[in-house]
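Chains as they are written, first to last, in the working numbering: chain X, 1482 to 1729; chain E, 2 to 98; chain L, 17 to 579. Below is one structure, written out as structure tokens; the observations come after it.
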């Protein structure tokens, strides 16, 4: 028999796309595709982490002062919220693997809700920065970066910027520029994630995912966990920089 | 290649570990450790947390070698970006470490 | 001539991917990688033409030493836009998005890429980026140089920096999605028997290119966004007034943009491997060396970006490291050139149009590569940096290299893509015209640059005029040489001779199916049992070898007297 024996298609699953030979190949390709995409995301955020690291080492006092002005409680709560959402996402994938439709829906709904909670708290934080005139440069027309600096000896005012020795307002502005760039980009990714999960939720509600086919849930989960990991690094770098110097 | 289903118990354990890590990092952030120890501790905890998420929530522990290579190469490339850029800044007197 | 068995569709059903469906919607909503490749081919040609128009204005202005045709600001916009269009909208997508999209699934024996809809999306994203950029150019243009250096781009330029940046940012996603698709496809969808070391070198090159697309493009994406953010907010990390460093922009920019040049040249090298091997009817000498060199170029290419910052106040110690690594990165490229040359040796060479382009690539790429070593050398670079020496160097690689390989590949696979042959006489003629015109354009620029003529100036000292006149004359010849194929290739789609499945009589998997191929590429999933570039089965090769050792003539007639 010459080269080129035909390989017959197995009786195909309705979700099998025509260019794949079988579900296993489709699953493998989907997972690998999402991982390759996450590689691009790692490099994408990496550029900002580089800028942050560079300037933090150059202007430690200013960055610590600026960081101390962020609300640690809100940041910590957000971290807990996001990790919890990662947990519920993992449970959603687990439910899909076992074909439990009701659990899938509950877990996805929980993940989405927690994601929205995160975004809500972020919005509150952003609003606080706006109130204290900490939005960098002239991004907000009419409300340029112009924080009130706490003077020595005056009673503690949480809206005022407390400058550590060696810190300048200009360098504090740089911290906030990086803060908004990084958390803003992170928030955009979360919004996309919430949108993605809403679509998955819809199809889960329609009963599309089960033990033989739950690829989309799994790869959405990968994306969501990645967004969580970015925050796992953002939180200590942005919020916990100079807390130990607060007594100065 | 059959898919490995991670047990509920593993997920709960990892979640609790992540919570503990978060509490630990906040606590450590408020303590005044000597030198650069604060940032070293914070980054170590963050790396451990991220590793747990990658290995267990993202199933890398149960995935093929290819996935593992893909993920590590991203970290490697990030390291290239950082080290070579720092080679310039460090030798221009930027870091007062 | 040895015939290679094809898995052709039965002649009765001459349905192929071109006539399977008709209508605009069947093209604009296609999931077929071959149709998407043609969509890219059309749009890339449009952008090449626009970029070429800008080049025309540059060469016209530079005919005379005075800046008399265009004002300095307009000239700045012209060379900026020439660079942006040619790099982001022509060179980077050219081979991967047209030839790569068409051939990667076919060469590995798959029915399509792993993610056909994402493939189509990548084309629409490319178009969107292109439209945004063109809009910015028409609205008033950008004058920062394609390199967008801060602080001019962030603070002082009065041109459409953000809009152009957004256009480029968007097009980057097209690149990322293409690379992602290729990587996943090559890993997961190879036909049975298609092991890694049976893959054509075209695939190895595209795999390496995809690695760069994935790892590098995101960094320029974030850099453009940071640039835009800084420009909009009027403060930022590249601004010294804030304590920032403009050189950081250059680090981030070149971290991608240097590997980007390998995105432009690696696919061309892949095409060249195909052209040289197939038109010498010989296996590529040192197949594994060439395959691993592709990967080495991709990896090493990420370690050298600082050679663009030698005179930008980068520390001299970092400069030394980057200089050393820049010499190292030339090694895998040189390995390829040696291997191609060795492939030609004692090959059965036919000087068809694709081979002419392939040979042209080897010569011109070598010149470009060697002049790169001059630039990698710190001391020399101080003198020739920002002169026409650099301009000539990169045009030798991008035009003499990539464009020639692109044309060669286009001609080589034209019968497969369209089912028609192009007119061979015109093909060879225009290849020669392109070669002559190209060298006349850019060789004088090496001399001018070495003698000190700076780049990006619309007026120059009169002693450089002779070189500029030669260069502009060459550019006219080159332009003619490029228009001719455009005309006859289009002509051939309607009036060209019908091509058979395997018009060149080659062993590659893409030649084992009809020309043009059916939508699903192969009638049945191929099972690969032969090595890459296996022009004769191993037993035959041994016998031929023994004949040659005994000093006897060997023809192409099959052994055993079979018809």
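Backbone N, C-alpha and C define an ideal beta-carbon position, used for all residues, glycine too.
For the segment 511 to 530 of chain L, the residues whose beta carbon sits under 8 angstroms from a beta carbon of chain X are, in order, 528. For residue 188 (chain L), DSSP records no beta bridge to any residue. Taking the CA atoms as reference points, residue 1566 (chain X) sits about 35 angstroms from residue 145 (chain L). Contact between the segment 200 to 216 of chain L and the segment 266 to 279 of chain L is absent: fewer than three C-beta pairs spanning the two stretches fall below 8 angstroms. 7 angstroms or more divides the Cβ of residue 29 (chain E) from the Cβ of residue 41 (chain E). The secondary-structure analysis by DSSP pairs residue 470 (chain L) across a beta bridge with L:403.
Here residue 1623 (chain X) carries a coil assignment [DSSP, helix/strand/coil]. Here the C-alpha atom of residue 465 (chain L) lies approximately 12 angstroms from the C-alpha atom of residue 476 (chain L). For the C-beta of residue 82 (chain E), the chain L residues within less than 8 angstroms are, from N- to C-terminus, 235 and 271. Judged by DSSP in its simplified three-state form, residue 297 (chain L) adopts coil rather than helix or strand. Between the alpha carbons of residue 304 (chain L) and residue 73 (chain E) lies a gap of roughly 25 angstroms. Per DSSP, reduced to three states, the secondary structure at residue 1611 (chain X) is helical.
Residue 1725 (chain X) carries a helical assignment under DSSP once its states are collapsed to helix, strand and coil.
Residues of chain L with a Cβ closer than 8 angstroms to the Cβ of residue 9 (chain E) do not exist, since the nearest Cβ in that chain sits about 30 angstroms away. Secondary structure of residue 1553 (chain X) (DSSP, three-state): helix. In the structure shown, residue 161 (chain L) adopts coil according to DSSP, grouped into three states. For residue 1724 (chain X), a Cβ of chain E is located within less than 7 angstroms of the residue's own Cβ. Straight through space, the alpha carbons of residue 1713 (chain X) and residue 47 (chain E) are spaced by roughly 6 angstroms. The segment 114 to 121 of chain L makes no contact with the segment 79 to 92 of chain L: fewer than 3 CB pairs, one atom from each, lie closer than 8 angstroms. Taking a 10 Å sphere around the C-beta of residue 1533 (chain X), we find 16 or more other C-beta atoms and assign the residue as buried. Annotated three-state conformation of residue 1618 (chain X) is coil, per DSSP. Close to residue 88 (chain E), with beta-carbon spacing below 9 angstroms, are these residues of chain L in chain order: 322, 331, 333, 334, 337 and 338.
If you draw a 10 Å sphere on the C-beta of residue 1578 (chain X), you find 16 or more other C-beta atoms in it, and that means buried. Within the segment 48 to 70 of chain L, contact with chain E at the beta-carbon level (separation under 7 angstroms) is assigned to no residue. Taking C-alpha positions only, residue 382 (chain L) is separated from residue 376 (chain L) by approximately 10 angstroms. As computed with DSSP, residue 1642 (chain X) is found in a beta bridge with X:1630. For residue 1694 (chain X), the three-state secondary structure derived from DSSP is strand. Out of L:241, L:414 and L:140, the CA that lies nearest to the CA of residue 191 (chain L) is found in L:140.
Under a criterion of Cβ atoms nearer than 7 angstroms, the residues of chain X adjacent to residue 132 (chain L) are, in order, 1500.
Each of E:18, E:27 and E:10 was checked against the Cα of residue 52 (chain E), and the nearest Cα belongs to E:18.
A direct Cα-Cα distance of roughly 34 angstroms separates residue 80 (chain E) from residue 98 (chain L).
DSSP places residue 444 (chain L) in the helix class (H, G or I) of the three-state scheme. A Cβ of chain E is located within less than 7 angstroms of the beta carbon of residue 318 (chain L). Between the alpha carbons of residue 502 (chain L) and residue 442 (chain L) lies a gap of roughly 11 angstroms. Residue-level contact check: residue 502 (chain L) does not touch chain X, since none of the beta carbons of chain X fall below 7 angstroms from its beta carbon. For residue 310 (chain L), the uninterrupted alpha helix (DSSP H) segment begins and ends at 303 to 316.
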